[in-house]
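Taking it in order: structure first as structure tokens, then the write-up.
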Amino acid sequence: MKVSIFPLVLIAGTTMFSCVSQKKYDELSSRFNSVYSENQGCQTELAVAKSKLASFENSYSQSENTVNKERDQVRELQKLLNNCIEGGNKNVAELVKEINESNKYIKHLVNTKNKSDSLNMVLTNNLTRSLSKSEANDVDVQVLKGVVYISLSDNMLYKSGSYEISPAAGETLRKIAKIINDYKDYDVLIEGNTDNVPISKTNIRNNWDLSALRASSVVQALQNQFGVDGKRMTAGGRGEYNPLTSNASEEGRSKNRRTQIIILPKLDQFMELIGQAPKD
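Position one of the sequence shown corresponds to residue 4 (this note's numbering), numbered consecutively onward.
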């Protein structure tokens, strides 16, 4: 509650007027006006200070709210960071596990390939070491993934346009039969192949017939003359539709006229030879 000092001073001044000189009165009046002016200035400054204080308190309250929100966000971010670090460590562990498993599988593949290559070399050596130099010119031997492909030239096996086995082919077929009999658990597929020149024999309709009859002739020769079990063999003709090269030249047509003897292990036995791959 504000109390003005002016009335009191006025009363005091009136009461004392008669007791003091005019000079003294003027001096007191001047001092009063100065003090009063200072009081008014203080009142103004006090009002300004209160306004600034209220504004500061309001700003402080807002800043405190902002700080609290920022602290909450920092806690949430820290929580997310911890989760990421934990998940990252787990992912790294899983990645290391996968890498180790991959390395094991790669080692397995290398070992499998080495076993497969060794098997292929053994089969090729067993087959080719008994062939003479002249026979090797008419016999092409390849071993791919444990499967033996023996390609016999048309000139060595048959007369032109015929499916009957020539006497000259007997010794070569005997050697091939020995290899087949050495691998009793292997199945044998005999495929006949021709060039694209149409056949003109009255008893043979087309190249399909010729290729199938030639394959059948080889099967029967292996079975009847060289003791290969017929249950193990399959005869098939592919006509002109499995060429090795273009039929545009005589050389190309000669390569395409061939009979393939394919010696392949049964799947379970083959996998035992080269090792099972991991199920995954």
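Idealized CB from N, CA, C, for every residue including glycine.
For residue 143, there is no enclosing alpha helix (DSSP H); the residue is part of the beta strand (DSSP E) that begins and ends at 142–147. For residue 169, the secondary structure class from DSSP, reduced to helix, strand or coil, is coil. By the criterion of a C-beta distance shorter than 7 Å, residue 145 is surrounded in its chain by 152, once the five residues flanking it on both sides are discounted. Taking C-beta atoms as the reference points, residue 228 and residue 236 fail to come closer than 8 Å.
Here residue 244 is exposed: its Cβ has fewer than 16 other Cβ atoms, across all protein chains shown, within 10 Å.
The Cβ-Cβ distance between residue 238 and residue 215 falls below 8 Å. Between residue 264 and the set 78, 167 and 150, the nearest pair of CA atoms involves 150.
Distance from the Cα of residue 194 is smallest, within the candidate group 36, 157 and 188, for 157.
DSSP places residue 254 in no beta strand (DSSP E) but in the uninterrupted alpha helix (DSSP H) bounded by 253–259. Between residue 161 and residue 169, the gap from beta carbon to beta carbon is short of 8 Å.
About 13 Å separates the beta carbon of residue 196 from that of residue 202, a gap too long to meet the 8 Å contact definition.
By the beta-carbon neighbour count (other beta carbons within 10 angstroms, threshold 16), residue 221 is buried.
Counting C-beta atoms within 10 angstroms of its own C-beta, residue 166 has 16 or more neighbours from the protein chains shown and is therefore classed as buried. Scanning its chain for C-beta atoms nearer than 7 Å, with the 5 sequence neighbours on each side dropped, one finds around residue 164 the residues 202 and 204, in chain order.
Here residue 198 has 243, 250, 256, 259 and 260 as same chain residues with Cβ atoms under 7 Å from its own Cβ, once five neighbours each way along the sequence are excluded. Per DSSP, the beta-bridge partners of residue 238 are 193. Here the alpha carbons of residue 191 and residue 267 stand approximately 6 Å from one another. When secondary structure is reduced to three states using DSSP, residue 262 falls in the strand class. In the structure shown, the three-state DSSP call for residue 231 is coil. Under DSSP, residue 151 takes part in a beta bridge, and its partners are 146 and 266.
In this structure, the alpha-carbon of residue 35 lies about 49 Å from that of residue 68.
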